[in-house]
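This report refers to the structure that appears directly beneath it.
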């Protein structure tokens, strides 16, 4: 069950890996090596490699959670106990994490995804323009205008 195909669903990691390899014209190992050699050369590739690694790790965690749940279910009588329910919740959480990371990889691979074109994409394309460079609030007191002291206040002679 941990391979993602026993219940008829697609192998999410495998499908996305094939799309990445097709997009960049190299295997994931070659792409990882290219990004490691020059991450600034292609920020897009670096982001995809990072998120693919996170996706792969979450798929591994999901597989382990599913295996643990199956092992616990095999020893259960007709009713499921609390520790086994906790394992089921762990599987559900692992699925959500894996699916969320898969969505990020899909978004990174889609050149016309929402937020990648038009005004919304401008700050992402040019981080030095369109983004605040300084603090959002003043960090020092405003300069006071130079005025003569008011007679009778604070000045002693």
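Numbering (my numbering), first residue to last: 2 to 158. C-beta atoms are modelled at their ideal positions from N, C-alpha and C, and glycine is treated no differently.
Could you tell me the distance, in whole angstroms, from the CA atom of residue i to the CA atom of residue j?
i: residue 107; j: residue 17; result: 7 Å
i: residue 20; j: residue 110; result: 8 Å
i: residue 12; j: residue 54; result: 15 Å
i: residue 130; j: residue 26; result: At residue 130, the pLDDT of 45 sits below 50, so the modelled position is not reliable and the matter cannot be decided from this model.
i: residue 93; j: residue 30; result: 30 Å
i: residue 22; j: residue 69; result: 32 Å
i: residue 46; j: residue 95; result: 25 Å
Exposed or buried, residue i, counting other C-beta atoms within 10 Å across all chains shown (16 or more means buried)?
i: residue 14; result: buried
i: residue 209; result: For residue 209 there is no data in the structure shown, the boundaries of the chain being 2 and 158.
i: residue 67; result: buried
i: residue 38; result: exposed
At the 8 Å Cβ level, is residue i part of the contact set with chain D, yes or no?
i: residue 71; result: Here chain D cannot be found, since the structure has a single protein chain.
Would residue i and residue j be called neighbours here (beta carbons separated by less than 8 Å)?
i: residue 50; j: residue 32; result: yes
Q.
My parser needs the alpha helix (DSSP H) runs of 4 or more residues fully inside the stretch 24-99; what are they?
A. 29-38 and 44-75
Q) Are the stretch 48-60 and the stretch 98-107 in contact at 8 Å, needing three or more beta carbon pairs? A) yes
Q.
Pairs of beta-carbons, one from the stretch 84-92 and one from the stretch 67-74, closer than 8 Å: are there three or more?
A. yes
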